[in-house]
Ligand code: GAF
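Numbering (the working numbering), first residue to last: 37 to 421.
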């Protein structure tokens with residue numbers, strides 16, 4: 037049964053009536069362009085066939101009654117009073133935060149609802165389970181009250197909820213791809229202008245995700261440190277964001293920046309070169325040059341490992357194994373915020389088993405951890421079902 041079908045069924049069981057609105061928003065995997073979003077730069081993710089479904093209906097009393105089916109937990113709050121964080125679990129923040137900022141944007145929104153949330157994005161794996169929940173909540177509210185909000189608006193409201201309500205200082209990539217993803221396409225997003233370029237995934241190429249199952253406590257702290265270092269680098273170059281620094285401009289002042297702060301210089305080098313790699317990756321994909329795209333993915337991984345310093349040995353090892361199996365027919369790299377989580381690989385369909393086997397044979401033996409292996413489909417962004 038799909039997440040949508042389960043959400044509808046659970047709604048009937050919990051609320052003893054038929055839902056009238058059902059929406060679904062996907063998680064994502066980023067093919068290239070890491071930590072570039074909050075530098076106003078470029079990313080190239082796709083939405084995946086794992087996501088969050090919400091099924092529900094309106095109430096007339098302004099109360100939101102929310103049931104998280106996977107956690108078997110309820111939350112309840114009123115749209116007729118200030119919406120504040122609850123101590124009942126982090127998940128409530130993604131719901132309350134989105135509802136709060138939608139109401140701020142559309143003060144006429146006072147409709148209550150009862151709803152069921154059901155999802156299958158692996159949690160804490162760097163595949164954006166939270167963004168998919170935020171975008172699904174946004175779409176549900178938009179449908180509930182017929183609000184004049186585009187999918188891009190919903191993505192930005194989701195990011196606002198995550199930044200200001202939940203307190204996670206993320207960029208806009210995850211919510212944008214959950215809202216705007218296109219089936220069978222990778223989406224290059226200019227995170228400043230929000231312009232996009234969709235390029236088809238060749239039909240003989242698989243999008244593979246392997247979860248290292250490494251979980252790191254320091255992710256949020258390290259993420260904020262990287263953001264601050266990037267801001268310092270932008271100030272050094274006298275620009276709004278590192279997006280505005282070309283590779284040539286970076287090289288001209290690199291030695292000066294290294295002398296000032298070696299770590300900041302390394303972080304800047306990753307961002308400046310990664311932005312260019314995304315632009316090059318779009319072109320490689322458009323001309324069907326899988327080897328070229330794979331090469332760029334490999335360079336991106338090396339840059340995350342050596343300059344941005346956000347990989348861990350287990351993830352480096354997974355990438356090495358995938359690269360051995362894939363050779364020059366595609367590529368592999370860490371994906372997401374870092375310090376654990378997943379790798380992504382693009383490989384011809386006939387190499388998928390080779391990638392699976394080499395990892396199954398070696399990863400657990402070497403690290404003591406068991407991987408999770410997914411072959412994904414580039415999927416449509418948020419939908420009304
Ligand atoms: C996390 C963040 F939420 C994104 O905004 C992005 O910065 C990503 O890490 C790194 O590319 O997923």
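Each residue gets a CB set at the ideal place from its N, CA and C atoms; glycine is no exception.
Whether residue 201 touches residue 121 by CB criterion (8 Å): Within the chain shown, numbered from 1, the residue matching residue 201 stands at position 165. Within the chain shown, numbered from 1, the residue matching residue 121 stands at position 85. Contact flag set, yes.
Any non-hydrogen atom of the ligand GAF within 7 Å of residue 209 CB: Taking the first residue of the chain shown as position 1, residue 209 is located at position 173. Yes; taking the cut-off as 7 Å, the Cβ of residue 209 has a heavy atom of the ligand GAF nearer than that.
For residue 221, three-class secondary structure by DSSP: Counted from its first residue, the chain shown places residue 221 at position 185. In this structure, residue 221 counts as strand in the three-state DSSP scheme.
Residue 334 beta carbon near the ligand GAF (any heavy atom closer than 7 Å): By one-based count along the chain shown, residue 334 stands at place 298. No.
Near the ligand MN: residue 142 beta-carbon under 7 Å from a heavy atom: The model depicted lacks the ligand MN and carries the ligand GAF instead.
Three or more C-beta pairs below 8 Å linking the stretch 162–176 and the stretch 360–379: yes
3 or more residues per run - each beta strand (DSSP E) lying fully within the stretch 365–389: Those beta strand (DSSP E) runs which fall completely within the stretch 365–389 and span 3+ residues are 367–371, 378–384.
Environment of residue 96 [buried if 16+ CB atoms lie within 10 Å]: Numbered from its first residue, the chain shown carries residue 96 at position 60. Under this definition residue 96 is an exposed residue.
contact_flag[the stretch 320–334, the stretch 375–394] where n(CB pairs < 8 Å) is 3 or more: yes
Supposed contact pair residue 134 and residue 194 - C-beta distance, whole angstroms, cut 8 Å: The residue labelled residue 194 in the question sits at position 158 within the chain shown. The residue labelled residue 134 in the question sits at position 98 within the chain shown. With 8 Å as the limit, residue 194 and residue 134 qualify as a contact, their Cβ atoms being about 6 Å apart.
Supposed contact pair residue 57 and residue 172 - C-beta distance, whole angstroms, cut 8 Å: Taking the chain shown and counting its residues from 1, the one referred to as residue 172 is at position 136. Taking the chain shown and counting its residues from 1, the one referred to as residue 57 is at position 21. About 11 Å separates the CB atoms of residue 172 and residue 57; that is not less than 8 Å, and the two are not in contact.
Residue 306 CB to nearest heavy atom of the ligand GAF below 7 Å: Counted from its first residue, the chain shown places residue 306 at position 270. No, since every heavy atom of the ligand GAF falls outside the 7 Å radius drawn around the Cβ of residue 306.
CA-to-CA distance, residue 154 to residue 353, given in whole angstroms: For the purposes of this step, residue 353 is identified with residue 317 of the chain shown, where counting begins at 1. For the purposes of this step, residue 154 is identified with residue 118 of the chain shown, where counting begins at 1. One C-alpha to the other measures close to 33 Å.
Contained beta strand (DSSP E) runs [length at least 3] in the stretch 56–89, N- to C-terminal order: 57–68
Candidates 312, 420, 112, 156: closest to residue 106 by CA position: Numbered from its first residue, the chain shown carries residue 106 at position 70. Among 312, 420, 112, 156, the Cα nearest to that of residue 106 belongs to 156.
Inter-residue spacing [alpha-carbon to alpha-carbon] between residue 248 and residue 231: The count along the chain shown starts at 1 and reaches residue 248 at position 212. The count along the chain shown starts at 1 and reaches residue 231 at position 195. In a straight line, the C-alpha of residue 248 is about 32 Å away from that of residue 231.
Residue 310 beta carbon less than 8 Å from that of residue 339: Within the chain shown, the letter at position 303 stands for residue 339. Within the chain shown, the letter at position 274 stands for residue 310. Their beta carbons are under 8 Å apart, which means residue 339 touches residue 310 by this criterion.
Where residue 122 sits in the DSSP three-state scheme: Here residue 122 is taken as the residue at index 86 of the chain shown, counted from 1. Residue state, collapsed to three classes: coil.
Ranges of the alpha helix (DSSP H) found wholly within the stretch 119–193, counting only runs of at least 4: Qualifying alpha helix (DSSP H) stretches, in chain order: 127–141, 165–181.
Span of the alpha helix (DSSP H) around residue 266: Taking the chain shown and counting its residues from 1, one reaches residue 266 at position 230. 255–273 is the extent of the alpha helix (DSSP H) around residue 266.
Three-way DSSP call (helix, strand, coil) for residue 344 in this model: Position 308 of the chain shown holds residue 344. The answer is coil: DSSP assigns residue 344 none of H, G, I, E or B.
Among 169, 158, 314, nearest to residue 61 - alpha-carbon criterion: Residue numbering aside, residue 61 sits at position 25 when the chain shown is read from its first letter. Checked all of 169, 158, 314; the closest Cα to residue 61 is 169.
Neighbourhood of residue 104 by C-beta, 7 Å cutoff - its chain only, sequence neighbours within 5 removed: Numbered from 1 along the chain shown, position 68 holds the residue referred to as residue 104. Once the five neighbours on either side are set aside, the close Cβ partners of residue 104 are 127, 153.
Separation of residue 141 from residue 118, as counted between CA atoms: Along the chain shown, one-based indexing puts residue 118 at 82. Along the chain shown, one-based indexing puts residue 141 at 105. Their Cα atoms are separated by approximately 14 Å.
DSSP three-state assignment for residue 96, whether helix, strand or coil: Counting from 1 along the chain shown, the entry for residue 96 is found at position 60. In the three-state reduction of the DSSP assignment, residue 96 falls in the coil class.
Residue closest to residue 343, alpha-carbon to alpha-carbon, out of 176, 237, 262, 180: Mapped onto the chain shown, residue 343 falls at position 307. Checked all of 176, 237, 262, 180; the closest Cα to residue 343 is 262.
In DSSP terms, what residue 111 is bridged to: One-based indexing of the chain shown puts residue 111 at position 75. The bridge partners DSSP lists for residue 111 are 102.
Whole-angstrom distance between residue 52 and residue 64, CA atom to CA atom: In the chain shown, the residue the question calls residue 64 occupies position 28. In the chain shown, the residue the question calls residue 52 occupies position 16. So the two alpha carbons sit approximately 33 Å from each other.
Rounded separation between residue 192 and residue 277 - CA only: Residue mapping note: residue 192 aligns to position 156 of the chain shown, counting from 1. Residue mapping note: residue 277 aligns to position 241 of the chain shown, counting from 1. Cα-Cα distance, rounded: 19 Å.
Check whether residue 146 and residue 98 have beta carbons under 8 Å apart: Walking along the chain shown from the start, residue 146 turns up at place 110. Walking along the chain shown from the start, residue 98 turns up at place 62. Closer than 8 Å, so yes.
Supposed contact pair residue 416 and residue 59 - C-beta distance, whole angstroms, cut 8 Å: In the chain shown, the residue the question calls residue 59 occupies position 23. In the chain shown, the residue the question calls residue 416 occupies position 380. The beta-carbon distance between residue 59 and residue 416, rounded to whole angstroms, is 12 Å. This is too long to meet the 8 Å contact definition.
Local conformation of residue 314 per DSSP, three classes: Residue 314 sits at position 278 when you count from the first residue of the chain shown. In the structure shown, residue 314 sits in a helix (DSSP, three-state: H, G or I).
Closer than 7 Å: residue 353 CB and nearest the ligand GAF heavy atom: For the purposes of this step, residue 353 is identified with residue 317 of the chain shown, where counting begins at 1. No; taking the cut-off as 7 Å, the Cβ of residue 353 has no heavy atom of the ligand GAF nearer than that.
Residue 373: CB within 7 Å of a non-hydrogen atom of the ligand GAF: What you label residue 373 is simply residue 337 of the chain shown in a count that begins at 1. Yes, the Cβ of residue 373 comes within 7 Å of a heavy atom of the ligand GAF.
Distance CB(residue 250)-CB(residue 351) smaller than 8 Å: Reading the chain shown from its first residue, position 214 is the one you call residue 250. Reading the chain shown from its first residue, position 315 is the one you call residue 351. Taking 8 Å as the Cβ cut-off, residue 250 and residue 351 qualify as a contacting pair.
Residue 236 (DSSP reduced to helix, strand or coil): To locate residue 236, count along the chain shown from 1; it is residue 200. Here DSSP, grouped into helix, strand and coil, assigns residue 236 to strand.
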